[in-house]
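Protein sequence lines correspond, in order, to chains A and B.
Under our numbering, the first sequence has 91 at position 103, and the numbering climbs by one with no breaks.
Under our numbering, the second sequence has 15 at position 3, and the numbering climbs by one with no breaks.
Beta carbons are placed, not taken as given, at the ideal position from N, Cα and C, and that holds for glycine.
Quick caveat: nothing in here was measured; it's all calculated off a predicted structure.
Okay, so here's the structure we're looking at.
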Amino acid sequence: GEDVEQSLFLSVREGDSSVINCTYTDSSSTYLYWYKQEPGAGLQLLTYIFSNMDMKQDQRLTVLLNKKDKHLSLRIADTQTGDSAIYFCAERGSNYQLIWGAGTKLIIKP
Amino acid sequence: DAGITQSPRYKITETGRQVTLMCHQTWSHSYMFWYRQDLGHGLRLIYYSAAADITDKGEVPDGYVVSRSKTENFPLTLESATRSQTSVYFCASSDTVYGNSPLHFGNGTRLTVT
Chain A
-11 GEDVEQSLFL SVREGDSSVI NCTYTDSSST YLYWYKQEPG AGLQLLTYIF
39 SNMDMKQDQR LTVLLNKKDK HLSLRIADTQ TGDSAIYFCA ERGSNYQLIW
89 GAGTKLIIKP
Chain B
13 DAGITQSPRY KITETGRQVT LMCHQTWSHS YMFWYRQDLG HGLRLIYYSA
63 AADITDKGEV PDGYVVSRSK TENFPLTLES ATRSQTSVYF CASSDTVYGN
113 SPLHFGNGTR LTVT
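This is the structure we're talking about:
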């Protein structure tokens, strides 16, 4: 069935780049998303990429899509303490519903 | 205020009791969703609704009931709460399920079933 996998934790030093990885299974996915969840809050859309793109950049965020390997990554440049959150990868599956990864908790070390 | 609001933020109930979680959105979005979030599972879809009076099951619907008599409200009822339903519940809405239309989430309801 359709599945999205991501590591549960990532620890980086403040000022370094963070790279959060995600793999998905549905090759027919049209859009892939990154959502951010801060403590005690709901999820907010961070960025998305259309399946015909390889890369999308938005200020400190870079999304890379490798369709052959069904691999999606989110790079956060110059990671700050405010980036501490859980990051969810999601794909829009064949029935138009979102299929979610388990979320990666980004931990920032001073 | 515009947005999507959930109530209550926290709820403790006993096994076997009925409990209703409320969700209200002010955007007139067609689609509304209920998810539960459990550690290691990410988000799992319970029910969704494409419009008023149209609802459908998601991945984990057992033990839950929804209704949508008005576009802006989408309550979730646990008919007879069980400990396995202890979770954080998120309501979300979107204009469409096509394209890059994002989901807008409420801040969640943390439910504990004792």
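What is the DSSP secondary structure of residue i, counted as helix, strand or coil?
i         : result
Asp71/A   : helix
Ser106/B  : strand
Arg29/B   : coil
Ser96/B   : helix
Thr126/B  : coil
Leu115/B  : coil
Glu79/A   : strand
Met41/A   : coil
Gln(-6)/A : coil
Asp68/B   : strand
Arg80/B   : coil
Asp46/A   : strand
Determine whether the Cβ of residue i lies closer than 7 Å to any Cβ atom of chain A.
i        : result
Pro114/B : yes
Phe102/B : yes
Leu33/B  : no
For residue i and residue j, I'd like the C-alpha separation in whole angstroms.
i         : j        : result
Leu60/A   : Leu31/A  : 19 Å
Tyr47/B   : His53/B  : 11 Å
Ser92/B   : Arg21/B  : 20 Å
Met34/B   : Cys103/B : 9 Å
Phe(-3)/A : Ala73/A  : 10 Å
Phe39/B   : Gly15/B  : The sequence given here has Trp at residue 39/B, not Phe. Taking the straight line from one Cα to the other gives about 7 Å.
Val31/B   : Ser79/B  : 14 Å
Gly28/A   : Tyr21/A  : 21 Å
Asp107/B  : Leu115/B : 8 Å
Ser(-1)/A : Thr126/B : 34 Å
Ser16/A   : Ile66/B  : 26 Å
Closer than 7 Å by beta-carbon distance: list the chain B residues that pair up with residue i, in chain order.
i         : result
Ala29/A   : Asn119
Tyr36/A   : Asn112
Phe(-3)/A : By Cβ distance, chain B contributes nothing, its closest Cβ being about 11 Å from Phe(-3)/A, past 7 Å.
Please tell me whether residue i has its Cβ less than 7 Å away from any Cβ of chain B.
i       : result
Ala90/A : yes
Leu33/A : yes
Show which residues of chain B have a CB atom less than 8 Å away from the CB atom of residue i.
i       : result
Gln84/A : Looking at the sequence itself, residue 84/A is Tyr, so the reference to Gln does not match. Correct list: Val109, Tyr110.
Tyr19/A : Gly111, Asn112
Tell me where the beta strand (DSSP E) around residue i begins and ends.
i         : result
Trp46/B   : 43 to 50
Met50/A   : Here the sequence assigns Thr to residue 50/A, which means Met is not the residue at that position. Where Thr50/A is concerned, the enclosing beta strand (DSSP E) stretches over 49 to 54.
Ser(-1)/A : -3 to 1
Arg56/B   : 54 to 63
Ser19/B   : 16 to 19
Lys93/A   : 92 to 97
Trp22/A   : 19 to 25
Identify the contact partners of residue i in chain A, using a Cβ-Cβ distance below 8 Å as the criterion.
i       : result
His53/B : Ala90
Leu88/B : Result: empty, since nearest Cβ-Cβ is about 15 Å, beyond 8 Å.
Just the chain A side, please: which residues come within less than 7 Å of residue i by C-beta, in chain order?
i       : result
Leu57/B : Gln85
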